[in-house]
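First the structure, in the form of structure tokens, and then the observations on it.
Protein chains: 4
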Amino acid sequence: METPAARAHQDGAYTREFVFADFAEAFGFLAEVALHAEKMDHHPEFTSVWNRVQFRLTSHDEGRPTERDRDLAMVIDRLALKALGRADRKN
Amino acid sequence: METPAARAHQDGAYTREFVFADFAEAFGFLAEVALHAEKMDHHPEFTSVWNRVQFRLTSHDEGRPTERDRDLAMVIDRLALKALGRADRKN
Amino acid sequence: METPAARAHQDGAYTREFVFADFAEAFGFLAEVALHAEKMDHHPEFTSVWNRVQFRLTSHDEGRPTERDRDLAMVIDRLALKALGRADRKN
Amino acid sequence: METPAARAHQDGAYTREFVFADFAEAFGFLAEVALHAEKMDHHPEFTSVWNRVQFRLTSHDEGRPTERDRDLAMVIDRLALKALGRADRKN
């Protein structure tokens, strides 16, 4: 798994991209994020292809990212750091 | 839930888009598709935002969709038809 | 998929058991339930073996089922009815 | 997350129990295991309550655990060790 790249804002949205060992690891991470998002009642746009997951966070009503997007981005970063700790050791 | 739109091929890939009642229904569908994809060892590119899931199937090695993409598209269509049957009754 | 059996209460807990077409369908359903449970901040005990999922709802603090268990049982029943509509048509 | 307890065989089945930080982490792990199980076409019995997941592996046709159960147990242990590496650092 690679270091998460906190990409530069594109059109004002928070974006993140993570690369995992395989599809199962990527989807397990996605499921964990999904549960947090549902609890926060705020959902990221995500794109995945095999071991790669991208998130894009913005508030569609506002047309720009808000505090809720920042909060969700911080949750995603925390979950990814947890996965990174394990990647540092295992990969 | 809306009728799945079997979209016209874009740059030669099979694409599908489905709209569900909410995020939980969309992600449950995505999990079911993920398990089939893993079993077939062939994974779709997917994008989701809240209740909407898009798939794009192509073979990256080949640069075009192959028989494996067609097979996976047929599985996705079958799972969506099952969900549609339920949408006809409930929504 | 079989008709969900709203089993008689065992030691005061709400229990449910559902049988799906296969593991992928069962796990997709489980993921949908999981998202609702996380949002409600109330989680069922669940057991699964291949195409079969059992739920057991009680409040461990109280030692008996409470209103929150009843609410979650109703959500699970609603999601299962949706799946049943599709089972009536497809299986 | 606690150290995974490779429990003594009960009636000849492999059993495992893991405790995670919360439900989201537990279910993310479960989703990753589910994908591997589906690919191997061999599924564990699992029970979960909030942050706790138990597996029980046996071959129902044989009435005892077989080589396929041992293989799946090894996959589950590997995924749990990965999670443990992260637990050592984070918790």
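Residue numbers (this note's numbering), protein chains in the order written: chain H, 1418 to 1508; chain P, 1418 to 1508; chain S, 1418 to 1508; chain C, 1418 to 1508. Positions of the beta carbon are idealized from the N, C-alpha and C atoms, including for glycine.
CB contact below 8 Å: Gly1429 (chain S) versus chain P: no
Selected residue, minimal CA-CA separation from Lys1499 (chain C), among H:Val1436, H:Val1466, H:Asp1488 and H:Glu1442: H:Glu1442
CB of Phe1444 (chain H) within 8 Å of CB of Ala1448 (chain C), strictly: Against a cut-off of 8 Å, the Cβ pair of Ala1448 (chain C) and Phe1444 (chain H) comes out as a contact.
Cβ distance (whole Å) where His1477 (chain H) is taken to contact Phe1440 (chain P) below 8 Å: Rounded, the Cβ-Cβ distance is 14 Å, inconsistent with contact.
For Leu1489 (chain P) and Ala1454 (chain P), the rounded distance between their alpha carbons: Cα to Cα, Ala1454 (chain P) sits roughly 7 Å from Leu1489 (chain P).
Close-in-space but distant-in-sequence residues of the same chain around Phe1463 (chain P) (CB under 8 Å, 5 per side omitted): Leu1447, Val1450, Val1470, Gln1471, Phe1472 and Arg1473
Residue-chain proximity (Ala1500 (chain S), chain C), Cβ-Cβ < 8 Å: no
Proximity test, Cβ basis, 8 Å: Asn1455 (chain P) and chain C: Per the sequence shown, residue 1455 (chain P) should be read as Glu rather than Asn. Output row for Glu1455 (chain P): interface = yes.
Euclidean distance between Cα positions of Gly1429 (chain S) and Thr1475 (chain P): 52 Å
Assigned exposure category for Thr1361 (chain S) - 16 Cβ within 10 Å defines buried: Beyond the ends of chain S as shown, which are 1418 and 1508, falls residue 1361 (chain S); an answer cannot be given.
Arg1485 (chain H) to Ser1465 (chain H) span [Cα, whole Å]: 22 Å
Own chain partners of Trp1467 (chain H) with C-beta closer than 6 Å, once the 5 adjacent residues on each side are dropped: Phe1440
Phe1444 (chain H): contacting residues in chain P (beta-carbon distance under 7 Å): Under the 7 Å cutoff, chain P gives Ala1451.
Amino acids of chain H, ordered along the chain, whose beta-carbon sits closer than 7 Å to that of Ala1441 (chain C): Glu1449, Leu1452 and His1453
Chain C contact for Thr1432 (chain S) (CB, 8 Å cutoff): no
Contact set between Val1470 (chain H) and chain P, taken where Cβ atoms lie within less than 8 Å: In chain order: nothing, as chain P lies at least about 10 Å away.
Continuous beta strand (DSSP E) stretch holding Ala1430 (chain C): start and end: Ala1430 to Val1436
Whole beta strand (DSSP E) elements within the segment 1461-1495 of chain S, 3-residue minimum: 1462-1466 and 1469-1474
Nearest-angstrom Cα separation, counted from Met1491 (chain S) out to Thr1483 (chain S): Thr1483 (chain S) and Met1491 (chain S): Cα-Cα distance of roughly 13 Å.
Any chain D beta carbon closer than 8 Å to Glu1442 (chain S): In the structure shown, chain D cannot be found, because the protein chains are H, P, S and C.
Inter-residue spacing [alpha-carbon to alpha-carbon] between Asp1494 (chain C) and Gly1480 (chain H): 45 Å
Alpha-carbon to alpha-carbon, Arg1487 (chain C) and Met1457 (chain C): 12 Å
DSSP state of His1459 (chain C) mapped onto helix, strand, coil: In the structure shown, His1459 (chain C) sits in coil (DSSP, three-state: anything other than H, G, I, E or B).
Cα-Cα separation, Ala1438 (chain H) to Glu1434 (chain S): Our two residues, Ala1438 (chain H) and Glu1434 (chain S), have alpha carbons roughly 35 Å apart in a direct line.
Any chain H beta carbon closer than 8 Å to Asn1508 (chain P): Here Asn1508 (chain P) scores only 36 on pLDDT, less than 50, and its place in the model should not be relied on; the value that follows carries that caveat. No - not a single Cβ of chain H is within 8 Å of the one on Asn1508 (chain P).
Chain S contact for Thr1464 (chain C) (CB, 8 Å cutoff): yes
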